[in-house]
Amino acid sequence: MEMPCVPEGLSHLWAKSPLAPGRQAQTLAEHTWEALMRLSDLAHQRPDLPALSRQPRLWHLLFWAVFLHDWGKAAQGFQRLLRGKERRWQFRHEVLSLAFVDWVTAGLSAEETAFLASAIATHHKDFDEIEGYLEEQEADLDPLTAMLGELSREDATALYRWLETCAAPWLDALEMRPLGVTCPALPPLEQALNGLTPQAARRHLHRLERFLHAWEDEPPSVETLRPGIFLRGLLLQSDHLASAGWGALPQPQLSAEAVLHSLALPYRRLYAHQRAAAHTCGHAILLAPTGTGKTEAAMLWAVNQRLPRLFYTLPYQASMNAMFDRLARIFPGQVGLLHGRSTMAQFQRLMEQSYAPQEAARLARLLHNRSGLAYYPARVFSPYQLLKAAFQLKGHEALLSDFTEGAFVFDEIHAYEPARLAMIVATMGFLARAYGARFLVMSATLPTPIRAVLEETLEQVTPIHASQRLLARLRRHRLFLAEGDLLEEGNLRWALEEARQGRRVLVVCNTVRRAQQAWLWMREHLPPEIPLFLLHGRFTGRDRARKEREMLQAAGLNPAEHRPLMVVATQVVEVSLNLDLDVLFSDPAPLEALLQRIGRVNRLGRRELSPVVVFRGMDEVFRRVYRPIEQVTRTLDVLEERFSASRGKGVALDERALPQWLDAVYTGEVLASWQNTFESARADFERSFLQVLQPFRSNPQLAEQFHRLFDSTEVLPEDLYDEYLELRDSERALEADSLLVPLSWGLRAMLAQRGLLHKGDRDFPDVVSVPYDDEWGLNLDVKPDTQILEDSD
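In full-length UniProt numbering, the protein residues as written are 1 to 793.
Structure, rendered in C-alpha cells:
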C-alpha cells in the first residue's frame, strides 16, 4: 500500500542504512509506515485482543507507540551513525523517543500513558539496560540533555507537522478507526516543542520503574500484566516484520475444505473420530491407532476453533520436517517450520527443486526468519519454542502475544520424560487460562496418569476416541515373548532368516552401541542382495537424511515393490518415519515405546497378523536408559501374563485392550515414581518461572538453563573437519551444519574429560577426536579397554 500522506521536511531523516552499496536508505517515515501496516495486519487478524487484555484501548495505545517508537533516531548523532560518519552513538534512541510521548496522550489515563511509553522505551533493550537514564545529573553531564541537544528545532517542528497532517489519513488508510484508534488532540506547537525536556522523558522511565518495583514487591495477577505483554510483544512484532521488508502478512486460509481435499474423501467417508474432531470446540484429547488419520483429524479440529494461529508441536526434527511437508501441501503458503536446523532443512528442499545454491541459501534463511516471527498463520515446531516464553528469554512478550488465542496440536506427547513433560503441561495450562489458547493432544497410546494431568490442567476437555468398530477390525500384530538377549547369535540368526524368507525386518535396540553390534553381525551374515540399514541418533544430519530417504523408498507406505530388507535401529525409529515393515525383533522397553515400535510394522493392516518379537533378556545398560527400570520389568510382567495365556501361539494385539495394558504397567513403584517426578517438576516450574513472568525485562541467567533442556548438543567429527571448513567457505555454507552429530550432554562431558573433545566457540562447533563413518556413525569405542557411558540415541 502506498503511503497516503507523505510528511514534508523529513526525507533527510533515516531509520535504516542502505542494505547494500547502491541501495537506498529507508527513511524514518517509510519505516514507520511499514511498521504501522504490519500492526494493522496483526490487529485485523486478531481483533479480540483488547477484550482479552482487558485494555479496551489496546490498538490505540499500540498505534501511537509504533508511530513514535523510532523518533529518537532524528538525533543528529544517530543520523551520522546511519550514514557511516560515526562508528557508534553512545545513547539510546528509544529513550529519546520518550520525550515525544506527551504529544499523543490527551485523554489517556496515567496507566495507559505508562504502558504506551514503556513499550516504546523497551522495544530494543530491557528496562535493566536503560535504567541508567533515570538519574538526574548536571546539565553538562546529563545524557538526556545531550540527546535533546542533537535534535534540531526544524526537525522537531517537522515531526509535529507529520502528526498534524498525516496521522488522520494514515489512520483511515489502515482502517484502524473501527478498532478504536483515534487522533489525539495535539498540544499547540510551541507548547509541544517546549515540552521536549529531559524531565519529560525521565518521567516516563520513572513510571516504568514504579511498575517493575511494585511487581517485585507483590507479584501481580496475569490480568494486570497482559496489557504490558501485548504492548511490548506486538510492538516488537510490528517493528521486526517491518524491518524484514516482507510486505503484507498472509491472510489465514485454513479451512476444512482444504483438509478434505488433501484426503480426497467426502465428509461422509471420514472415520467417526475425524468427524468428532471436526465438530469439537475447545480442548480435546484424541486417541486413535496409527494409520487412522489422526493428523487430518487434528487439522479438522484446528480449523473448527476459528482461531488466528495454529501451532503443530512435535518432539523430533525429522518428524517436524515430515509434518511441515504434509501441512504445506494442505495449506500452501500458510505454514512455517521452526527448529534448530530448519534453515538447513529448507535449503535441502530448495536444492532438490534445482535452485542455485546462493538463491537456495537466501530463500532458506528467509523462510526460517519468517517462521520465527508472527508471519505464517500456521507453524510446525517443538514444545521448546513454547517454553522459550516461560523462561523469560529476550522477546518473550512477542512469543506470548503470538501464542495468544492459538490452536495447539500436540503430537507424540508420550516422547517426553516426566520432568520435561511437567514443564510442557504447566505451560499449556498457563496459556489456556491466561491467553486463550486451546489444545488438542493426540496419541495412539496415552497412559491414564498423563491423560489425568492433562484433564486436570486444561479442565474442560473433550475426549475423542476411535470407534470400537474400527478398533475391532484393526488386528495387525501378533506378539511373542522370546528367551535371551536380542544380541545372542541364535536370536540374530532368527531375524536373518526372516529376511531370507523375503520379509522386511525391523530390529530395534535400546542403545546405539547395541544397534551397531547388531548391524555389524548382520553385515557379515546377510546376503549382499538384501539391503541393510542402520539408523540411530549419532549420524550427521546429512547421513541420517539420506538413510531415511532410502529407507522410505524401500519400505514406506507405498513402495514401488515389496522386497526383503533389514533395518537395525534405536528408539529413533519409534517416531517420524512412516515405515511399513513385516516383522519386528525388539529389546524389552516400556510399553509405550514398544507400541510405537510395533506401529512401524504392518502399518496399514493390509497383511495378515505380523509377528512382533520382544526378548526377555535385560542388559545392565537398560537401567541407565530407562529410569526407573521397573517400567520395563513391569511391562514384561504384563506381556508375560497375556503371552502365557496364548500357550506360546502369540497374542493377537487388540487395540481396544491396550489402554488397560498401559494402566497395568502404571501401578505401584512405576506410577509413584512418575507422579513424584512430574508433580515436583511442575510445582518448581510454576513457582520459579510462570508465576514470575513479567513484561519489559528478560532473565538472561535462564538462557543456559533453557538450552540444557535439549537432550543433546552437536559436535563435529574430526574426520569431517576439512570438509566442514570447505563447505563453510563456499556458496553452500548452510550445508556445513549438516556434518554435525547430536551428542548427549553426558557423553560430551565424558569425551571432554578424556581429552577427546576440543571445545568450540560461538562461531565454531566442538570437535570430537573419535572416528566417524557414514554407515556406522560416530564410533565411541575408541579404546578396547575403555567403556564410554552409553545412551539411547
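Positions of the beta carbon are idealized from the N, C-alpha and C atoms, including for glycine.
Taking the alpha-carbon positions, what's the residue i to residue j distance?
i           : j    : result
A749        : S243 : 41 Å
D781        : V612 : 31 Å
R728        : R268 : 53 Å
F324        : V380 : 6 Å
C183        : S152 : 25 Å
A146        : D140 : 8 Å
T786        : A515 : With a pLDDT of only 38 at T786, under the threshold of 50, the placement of this residue in the model should not be trusted, and no figure is reported.
Q348        : L740 : 15 Å
R607        : L581 : 11 Å
H465        : L486 : 35 Å
A437        : R370 : 22 Å
F127        : F63  : 21 Å
C5          : W170 : 7 Å
E723        : S97  : 49 Å
E352        : T313 : 26 Å
residue 804 : Q137 : No answer is possible for residue 804: the residues shown for the chain start at 1 and end at 793.
L234        : S401 : 7 Å
E30         : D70  : 11 Å
H60         : V508 : 59 Å
R647        : L327 : 46 Å
Among the options, which residue has its Cα nearest to the Cα of residue i?
i           : options                   : result
L116        : M147, Q631, E735 and F230 : F230
Y666        : E655, S646 and R634       : R634
Q358        : G755, K759, L740 and A733 : A733
H525        : R503, L496, A545 and E111 : L496
V770        : G760, D761, R754 and R762 : R754
L93         : K125, R83, T113 and T105  : Correcting the residue type first, residue 93 is His in the shown sequence and not Leu. Of the listed residues, the one whose Cα sits closest to H93 is K125.
G228        : R57, I130, R549 and Q317  : R57
L584        : I285, R202, K394 and R504 : R504
V222        : Q191, L96 and F430        : F430
D663        : R687, M522 and Q631       : Q631
L186        : A328, V101, G132 and Q199 : V101
R538        : A703, R523, G245 and P717 : P717
L720        : S698, T197, P765 and E731 : P765
residue 794 : F391, P449 and S443       : Given that the chain is displayed from residue 1 to residue 793, the structure contains no residue 794 and the question cannot be resolved.
Q385        : L520, W745 and Q317       : Q317
V715        : E488, G72, D763 and L367  : D763
D155        : L10, G502 and R433        : L10
G245        : P252, Q251 and Q237       : Q237
G541        : E735, G760, T122 and V335 : E735
Assign residue i to buried or exposed, taking buried as 16 or more other Cβ atoms, counted over all protein chains shown, within 10 Å of its Cβ.
i    : result
V692 : exposed
T165 : exposed
H707 : exposed
L789 : Any reading at L789 must be qualified, since the residue scores a pLDDT of 44, below 50, and its modelled position is unreliable; the value itself is stated next. Looking at its Cβ environment, which holds fewer than 16 other Cβ atoms inside 10 Å, L789 is exposed.
Q596 : buried
F331 : buried
E592 : buried
P527 : exposed
F473 : Sequence check: residue 473 is Arg here, not Phe. With fewer than 16 other Cβ atoms within 10 Å, it is exposed.
G599 : buried
A20  : exposed
P188 : exposed
M1   : exposed
L399 : buried
For the beta strand (DSSP E) containing residue i, name the first residue and the last one.
i           : result
I285        : A284 to L287
R627        : Per DSSP, R627 belongs to no beta strand (DSSP E) and is neither H nor E.
L534        : L532 to L535
G391        : It should be noted that the sequence gives Phe, not Gly, for residue 391. Here F391 belongs to no beta strand (DSSP E), and DSSP marks it neither H nor E.
M566        : L565 to A569
Y666        : Run containing Y666: none; DSSP gives neither H nor E here.
D766        : D766 to V768
residue 813 : As displayed, the chain neither begins before 1 nor continues past 793, which places residue 813 out of reach and without an answer.
residue 794 : Since the first residue of the chain shown is 1 and the last is 793, residue 794 is not available in this structure.
A378        : A378 to F381
Go to residue i, then tell me how far its alpha helix (DSSP H) extends in each direction, as first and last residue.
i           : result
residue 800 : The question about residue 800 has no answer here: the residues shown for the chain are numbered 1 through 793.
G541        : G541 to A555
E131        : First-last for E131: undefined, no H or E at that position.
V453        : T448 to L458
Three-pair Cβ contact test at 8 Å for the region 388–407 versus the region 614–633
Short answer: they don't touch.
Is the region 417–428 in contact with the region 681–695, if contact means three or more CB pairs nearer than 8 Å?
Yes, they touch.
At a cut of 8 Å, does the region 191–208 reach the region 78–85 through at least three beta carbon pairs?
No, they do not touch.
Is the region 268–284 touching the region 294–303, taking contact as three or more C-beta pairs under 8 Å?
The answer is yes - the region 294–303 touches the region 268–284, with three or more Cβ pairs under 8 Å.
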